[in-house]
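First the structure, in the form of structure tokens, and then the observations on it.
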Amino acid sequence: MRVADVVARTLANFGASRSFGMPGGEVLSVIDALNAAGVRFILARQETSAAIMAAGAATVTGAPGVLVTTVGPGLANAVNGIADASQEHAPLIVLSGVVDHAVRGRYTHQVIDQKQLLRAVVKGCFEIEAEGAGAVVARAIELAMSEPMGPVLIEIAPGTAQLPVADGDRARAPPRTLKPLYAHTGEAMDTVRQLLAAAQRPLIIAGFDAARFDASEQIGKLSEHYACPVLTTYKGKGVLPESHPLSLGAAGLSPLADRHLLPLVKQADVVVLVGYDPIEMRQGWLNPFDDAAEIIEISARAPDHGMHRVSLRIEGGIADILEGVLASGGGRFEKWVDQAPQKTKAALQQAFAPPAGWSAHSAIATLQRRLPPHATVTVDSGAHRILLSQMIKIERPLGLLQSAGFCTMGAALPLAIGVKSMHPSQPVFAVLGDGGLEMGLGELATLRDERLAVTVIVFQDESLALIELKQRQLKLADAGVRLGRTAYEDIARAFGGNGVRVASAEQFDAALQGAADAETFSLIVCDIKATDYADRI
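Numbered per this note's numbering, the sequence shown spans residues 160 to 696.
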């Protein structure tokens with residue numbers, strides 16, 4: 160067995176089943192070992208996309224994501240994707256080649272200090288040596304998977320990868336971990352129950368960690384028992400089905416939504432933050448709570464921010480803590496007697512109602528009607544992302560994925576590839592602007608080669624619309640935001656997929672129906688105007 164085999168088998172033992180990247184001479188043995196261990200290597204067209212694919216796979220499986228890059232330019236090109244994994248708290252193992260020890264001191268071709276390059280965006284850096292490879296990889300994985308989760312760099316030289324393992328060295332596996340349940344009594348649980356029972360205007364704000372740590376059922380019970388409306392971040396959507404009467408939908412980057420939501424948040428006398436990290440929110444969410452309100456934070460770890468104060472923090476398993484709060488009996492409560500949450504919800508629905516005719520709004524409403532309940536939607540950064548995140552109704556956790564902390568462009572398509580590669584039978588929709596698509600057009604070839612029938616929806620407004628809106632708000636001339644008109648439907652067909660252009664809700668509906676029956680990827684180009692977003696997000 161080679162050292163590379165120990166590395167690969169350890170990753171497999173910890174649950175990895177896919178790896179993403181681009182090959183290079185320094186990682187050929189690693190890729191060979193990954194495939195042999197069942198961690199199938201998927202060829203991306205550039206390394207940042209591969210990092211986001213791996214992060215998407217990690218998000219929907221809970222196993223570590225694996226990115227493979229070659230030495231120098233390969234790793235350097237992945238930095239944006241690795242930084243995205245850092246701020247999105249994705250457990251990403253970055254397997255990179257490094258020059259062999261024997262020539263490292265005198266050879267300079269493609270050589271940079273890779274650890275120093277990534278120091279600001281990874282939790283740790285390791286290099287595999289001839290002995291103890293399994294132990295080092297296991298240590299790196301456990302660091303990546305510990306809270307707050309994030310990327311870890313593992314370097315391996317090609318000569319080291321091919322060495323036979325030393326006697327006694329072997330692949331490691333995760334220990335069997337037993338976590339004691341929280342006691343349903345005690346000061347912390349009693350305090351939360353008492354505060355919620357006494358509250359007149361309680362509110363739950365749930366985030367991404369509530370979605371990925373499977374606290375949806377408990378949040379639903381808590382909201383119903385104490386009559387707490389539930390507001391989520393964009394990546395927390397679906398922890399309470401958004402068709403539920405107590406769901407207020409999501410908040411994040413929309414000034415229009417915040418005009419209605421922030422006054423309601425200010426009225427709350429008890430706010431329960433469940434798996435919530437304000438890294439997903441805009442600056443308007445600095446100190447959004449009333450000075451007299453009790454702010455209870457329930458999280459796996461304390462988020463790193465200075466956005467607002469907290470009165471009481473309980474750390475641990477989010478679902479277990481909520482079970483403890485729910486353990487006591489008692490009747491249900493009637494809260495918010497002035498119906499302020501219901502009025503706010505109605506005002507939000509009116510604010511984001513589609514205008515007459517074809518627009519970005521009506522495209523999202525059409526997608527909603529065709530969206531299977533078990534589908535996953537990924538959305539790229541831009542004006543369309545804000546509108547979609549506010550409009551679309553998600554009924555299950557992790558039903559909407561995006562780069563919400565880092566807000567990088569070009570994330571939706573690789574996220575969709577990562578999800579679809581792990582769940583081939585699941586409907587997956589990637590919603591992009593034309594700017595985001597052009598950043599990663601090559602990944603259409605990844606869809607083709609992997610035979611992933613993702614539905615790619617492009618809102619073509621020939622603009623970086625969000626930045627154009629900001630220029631106009633500042634009364635500046637347009638500069639560097641206009642895009643030429645590209646026939647993306649033709650490009651999709653050239654890549655082996657289906658391509659169609661639509662300019663009405665009826666055409667879009669028919670195209671979505673056709674994509675649902677397709678055996679390859681479909682790209683639907685929605686002709687819209689950049690002005691569709693003005694004063695509407």
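Each residue gets a CB set at the ideal place from its N, CA and C atoms; glycine is no exception.
Please identify the residue among T336, A604, L390, A461 whose C-alpha is closest to the C-alpha of P361. To locate residue 361, count along the sequence shown from 1; it is residue 202. Considering only alpha carbons, the answer is L390.
Just to confirm the assignment, what range does the alpha helix (DSSP H) spanning P317 have? As a first step, residue 317 must be located in the sequence shown, where it is residue number 158. That run of the alpha helix (DSSP H) goes 317-321.
Backbone secondary structure at L633 - three-state DSSP: Position 474 of the sequence shown, counting from 1, holds the residue named residue 633. Looking at L633 - three-state DSSP - the assignment turns out to be coil, as it is neither helix nor strand.
Measure from the alpha carbon of A261 to the alpha carbon of each residue in P307, G318, G221, G283, then state which is nearest. Walking along the sequence shown from the start, residue 261 turns up at place 102. When each option's Cα is compared against that of A261, the closest is G318.
For N657, three-class secondary structure by DSSP: As a first step, residue 657 must be located in the sequence shown, where it is residue number 498. Note: N657 maps to strand in three-state DSSP.
Taking contact to mean 3 or more Cβ pairs, one atom from each stretch, closer than 8 Å, check whether the stretch 589-598 and the stretch 536-543 are in contact. yes
According to DSSP, what are the bridge partners of Q619? Walking along the sequence shown from the start, residue 619 turns up at place 460. In DSSP, Q619 forms a bridge with D686.
Check each candidate in H464, Q619, A196, G264 and name the one with the smallest Cα separation from E648. Indexing the sequence shown from 1 puts residue 648 at position 489. Ranking the options by Cα distance to E648, first place goes to Q619.
Taking contact to mean at least 3 C-beta pairs separated by less than 8 Å, is the stretch 364-377 in contact with the stretch 388-404? yes
Does DSSP put R472 in a helix, a strand or coil? Numbered from its first residue, the sequence shown carries residue 472 at position 313. In this structure, R472 counts as strand in the three-state DSSP scheme.
L302 beta carbon less than 7 Å from that of G283: Taking the first residue of the sequence shown as 1, we reach residue 283 at position 124. Taking the first residue of the sequence shown as 1, we reach residue 302 at position 143. Yes, these two residues count as a Cβ contact at 7 Å.
Go ahead and label V186 buried or exposed: buried means 16 or more other beta carbons lie within 10 angstroms of its beta carbon, across all protein chains shown. As a first step, residue 186 is located in the sequence shown; it is residue number 27 there, counting from the start. By the neighbour-count rule (16 or more Cβ atoms within 10 Å), V186 is buried.
What is the C-beta distance between I616 and M212, in whole angstroms, given that I count them as a contact (C-beta under 8 Å)? For the purposes of this step, residue 616 is identified with residue 457 of the sequence shown, where counting begins at 1. For the purposes of this step, residue 212 is identified with residue 53 of the sequence shown, where counting begins at 1. That belief does not hold up - the Cβ atoms of I616 and M212 are roughly 19 Å apart, past 8 Å.
In or out: Y393 buried (at least 16 other Cβ within 10 Å) or exposed? Position 234 of the sequence shown, counted from the start, is the residue given in the question as residue 393. Flag for Y393 reads buried.
Closest to A519 by C-alpha separation, out of A332, R418, A693, V296, would be which residue? Residue 519 sits at position 360 when you count from the first residue of the sequence shown. Checking every option, the nearest Cα to that of A519 belongs to A693.
Nearest to A171 by alpha carbon, out of G293, S584, K504? Walking along the sequence shown from the start, residue 171 turns up at place 12. Taking only the C-alpha atoms, the option nearest A171 is G293.
Here's a check: name, in chain order, each residue in its chain whose Cβ is nearer than 8 Å to the Cβ of A478, leaving out the five neighbours to either side. As a working note, residue 478 is residue 319 in the sequence shown. If we look at A478 and ignore the five residues flanking it on each side, its Cβ neighbours are F372, D373, A374, E376, Q377.
Runs of beta strand (DSSP E) wholly within the stretch 187-229 (minimum 3 residues, chain order): 199-202, 224-228
In the structure shown, what three-state DSSP assignment does P232 receive? Stepping through the sequence shown from its first residue, residue 232 is reached at position 73. Correct three-state label for P232: helix.
So E609 and S208 are supposed to be a Cβ contact under 8 Å. How far apart are they, rounded? In the sequence shown, residue 609 corresponds to position 450, counting from 1. In the sequence shown, residue 208 corresponds to position 49, counting from 1. That belief does not hold up - the Cβ atoms of E609 and S208 are roughly 13 Å apart, past 8 Å.
How about G443 and D417: do their beta carbons lie closer than 7 Å? Stepping through the sequence shown from its first residue, residue 443 is reached at position 284. Stepping through the sequence shown from its first residue, residue 417 is reached at position 258. Closer than 7 Å, so yes.
Between the alpha carbons of H467 and L547, how many angstroms are there, rounded? Taking the sequence shown and counting its residues from 1, the one referred to as residue 467 is at position 308. Taking the sequence shown and counting its residues from 1, the one referred to as residue 547 is at position 388. Cα to Cα, H467 sits roughly 27 Å from L547.
Taking the alpha carbon of G215 as the point to measure from, which residue in A320, I687, A589, A664 has its own alpha carbon closest? Walking along the sequence shown from the start, residue 215 turns up at place 56. Comparing Cα-Cα distances from G215 to each of A320, I687, A589, A664, the minimum goes to A589.
Do you know how far the Cα of L628 is from the Cα of L635? Against the sequence shown, residue 635 aligns to sequence position 476. Against the sequence shown, residue 628 aligns to sequence position 469. If you take the alpha carbons of L635 and L628, they lie about 10 Å apart.
Does the count of Cβ pairs from the stretch 190-199 and the stretch 228-240 closer than 8 Å reach three? no
I need the straight-line Cα distance from D668 to A356, nearest angstrom please. Counted from its first residue, the sequence shown places residue 668 at position 509. Counted from its first residue, the sequence shown places residue 356 at position 197. Roughly 47 Å between the two C-alpha positions.
Using a Cβ-Cβ distance under 7 Å, would F588 count as near chain B? In the structure shown, chain B cannot be found, because there is only a single protein chain.
What number of angstroms, rounded off, separates the C-alpha of L507 from the C-alpha of L415? Translated into the one-based positions of the sequence shown, residue 507 becomes position 348. Translated into the one-based positions of the sequence shown, residue 415 becomes position 256. The straight-line gap from Cα to Cα measures roughly 9 Å.
Quick one: is Y266 buried, meaning 16 or more other Cβ sit within 10 Å of its Cβ, or exposed? Numbered from 1 along the sequence shown, position 107 holds the residue referred to as residue 266. Per the 10 Å Cβ criterion, exposed.
Residues near L322 in its chain [Cβ-Cβ closer than 6 Å; skip 5 each side]: Along the sequence shown, read from residue 1 onward, the residue named residue 322 stands at position 163. Counting only Cβ-Cβ distances below 6 Å, and skipping sequence neighbours, we find V162, A289.
With a Cβ-Cβ cutoff of 7 Å, do G256 and T229 count as a contact? Position 97 of the sequence shown, counted from the start, is the residue given in the question as residue 256. Position 70 of the sequence shown, counted from the start, is the residue given in the question as residue 229. Their beta carbons are under 7 Å apart, which means G256 touches T229 by this criterion.
Who are the near neighbours of H419 in its chain, counting only those whose CB is closer than 7 Å to its CB and skipping five residues on each side? Position 260 of the sequence shown, counting from 1, holds the residue named residue 419. Same-chain partners within the cutoff: T503, A506, L507, A510.
Short check: CB of G183 to CB of G233, under 7 Å? Within the sequence shown, the letter at position 24 stands for residue 183. Within the sequence shown, the letter at position 74 stands for residue 233. A contact, by the Cβ cut-off of 7 Å.
If you draw a straight line from the C-alpha of P307 to the C-alpha of R544, how long is it? Residue numbering aside, residue 307 sits at position 148 when the sequence shown is read from its first letter. Residue numbering aside, residue 544 sits at position 385 when the sequence shown is read from its first letter. Rounded to whole angstroms, P307 to R544 spans 26 Å at the Cα level.
Would F285 and I315 be called neighbours here (beta carbons separated by less than 7 Å)? Numbered from its first residue, the sequence shown carries residue 285 at position 126. Numbered from its first residue, the sequence shown carries residue 315 at position 156. Not closer than 7 Å, so no.
For S622, which residues of its own chain have a beta-carbon under 7 Å away from its beta-carbon, when the five flanking residues on both sides are left out? Against the sequence shown, residue 622 aligns to sequence position 463. Correct list, in chain order: V640, R641, L642, A689.
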